[in-house]
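Numbering (this note's numbering), first residue to last: -1 to 416.
The block underneath contains the structure these notes are about, expressed in structure tokens.
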Amino acid sequence: MKTIIKGNIINPISRLKTEYFENYAIVIENGKIIELLPADGIEKKYSGFEMLDYSGKIISPGFIDNHLHIPQVNQRARYGENLMEWLSKYILTAEDSFEDLEIAEREIKNCFNCLIANGTTTAVMYNSYHKSATDLAFQIAEKSGLKAFIGKTMMDYFTEGKQYETTDQSLKDSYDLYKKWDGRDNGRLNYIFTPRFAPACSLELLTEIGKIAKQESVYIQSHLSENKDEIEQALNKFFGFETYTDIYDKTGILTAKTIMAHCIHLSDYEFNLIRDTGCKIAHCPSSNFFLKSGSFNFSAAERKGIEFGLGSDVGAGPSFSLFDVMKSLNYAQPYHILPQKSYYYATLGNAYVLGLEKDTGNFEIGKDADLIVIDIKKYHQDFKFSTVENLLAYMIYLGHQGFITDMFVRGKKINYIK
Ligand code: GUN
Ligand code: FE
């Protein structure tokens, strides 16, 4: 497959630098970027290539969303509660409904179509606690063409008394799914072990996941320090641990392939523990606004050199759009955040979080052609800009899913799932 995509290219290079090339072309062979060059005269040099002309539109690396929940797509905007009440009032029953595979199929497809509509080419996802529904999520992910990390949520303990699954079953189901799906299609699909959070897991479950991580270097995701009541529950339940982060550290689940969501109320000691283990953070500012969880200490995370990226946290986050999440990232802080930085955390920064920086996140030669087409003029006919900073600010503050017109993963055009 040989394709050329023409348009105005934006390309994140680092936290402080984004490149912009007007009227350029991305040359793609077998799904990989082989050249980036001015579009003038390109037909002669590359005769025999399929030519896709998006002149006047913006071509960007696809967005990467490092945290969202598939069964919560239709639980968005459940307004009025903080985390623990919101979970028990709306979320856990919605997740129960994935027992029914017809419901699960409808919602999983809906979720993938939302990702496609919003230009998310790679997503890191929690499914419900069901093995069958998670297997189905992988089947749909496989067909979708997107890059996906999916895990069956593990929850062998819950403080309200309901036991959703036994420890052994939780481990066995997760391990089976991991063996079946991890690395599928040349690494396009990955399994991620998904203990929900300390209040919903037994010490034994966390310890066993820690052992697997040590032996097989698996991906892990969970939630940490999102809400004051959650922290209190975790510490009351896991007697003898000094801090919430210690619970995860001592059970061995903080690794360089672990993503902890939120990390809002961490002490300096806990932040250092995150950094020293190489654990990554999913910062989900729109979710943090919605559940009134507090705001992430962005400057401390940057200062300490912790690797983090952005997540929508759908359904606590109301929007799949990384434009919206980038906007919230700025609004949540008491100072202005450079647009280049927000954009980095939604693209290349998240590729680093996943250890995929050699495969995706920007238009470096040799990487997969994971890209989106952004049409600002569709909504803002008179749009003009003088610097890449202006362009990114426009996208971040005015962007929405209507801006995204097309999407490609590994050079292949992605279509909605029926
Ligand atoms: N903590 C444990 N489960 C969840 C969840 O589903 N959403 C959020 N935002 N936080 C959680
Ligand atoms: Fe979450």
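Note that the Cβ used here is the ideal one computed from N, Cα and C, for glycine as well.
A quick note: this is a predicted structure, and the numbers were derived from the prediction, not measured.
- DSSP, read as helix, strand or coil, puts G5 in strand.
- Taking E202 as the centre and dropping the five residues before and after it, the same chain places the C-beta of T165 closer than 6 Å to its C-beta, in chain order.
- Per the Cβ contact rule, the region 382 to 392 is not in contact with the region 173 to 183 (fewer than 3 Cβ pairs under 8 Å).
- Boundaries of the beta strand (DSSP E) around T192: 187 to 193.
- Residue pairing by DSSP places V407 opposite K410 in a beta bridge.
- The continuous beta strand (DSSP E) containing G54 extends over residues 48 to 59.
- Boundaries of the beta strand (DSSP E) around S220: 217 to 222.
- For L113, the enclosing alpha helix (DSSP H) covers residues 99 to 115.
- Assignment of L369 by DSSP, reduced to helix, strand and coil, places it in the strand class.
- Secondary structure of V122 (DSSP, three-state): strand.
- Straight-line measurement puts the Cα of D274 at about 37 Å from the Cα of I138.
- Inter-residue distance for L204 and D244 is about 12 Å (C-alpha atoms, whole angstroms).
- Between M405 and I114, the CB-CB gap stays under 8 Å.
- Burial check for H281: the Cβ neighbour count within 10 Å reaches 16 or more, so the residue is buried.
- As for any alpha helix (DSSP H) of minimum length 4 sitting wholly inside the region 268 to 313, the runs are 283 to 288, 296 to 302, ordered along the chain.
- The region 306 to 318 makes contact with the region 60 to 67, as at least three CB pairs between them are under 8 Å.
- For S340 and N348, the gap between their C-alpha atoms comes out near 11 Å.
- For F236, the three-state secondary structure derived from DSSP is coil.
- With respect to L81, N225 sits close: the two C-beta atoms are nearer than 8 Å.
- Taking D154 as reference, the option from S142, S130, A146, S126 with the minimal CA-CA separation is S126.
- When DSSP states are grouped into helix, strand and coil, I32 belongs to the strand group.
- Residue nearest to P283 within the set C277, S291, G276 is S291 (criterion: CA-CA distance).
- By the Cβ test, the region 236 to 251 is in contact with the region 263 to 278, since at least three Cβ pairs between them sit closer than 8 Å.
- Relative to ligand 1, S310 has its C-beta separated by 7 Å or more from all heavy atoms.
- Listed by position along the chain, the residues with Cβ atoms less than 6 Å from a non-hydrogen atom of ligand 1 are H67, L81, L85, I89, R194, F195, H221, E224, S285, D311, A314.
- Taken from the Cβ of H263, every heavy atom of ligand 2 lies 7 Å or farther away.
- For G400, the CB contacts under 8 Å within the same chain, skipping 5 residues up- and downstream, are K376, Y377 in chain order.
- When only Cα atoms are considered, N6 and G397 end up about 17 Å apart.
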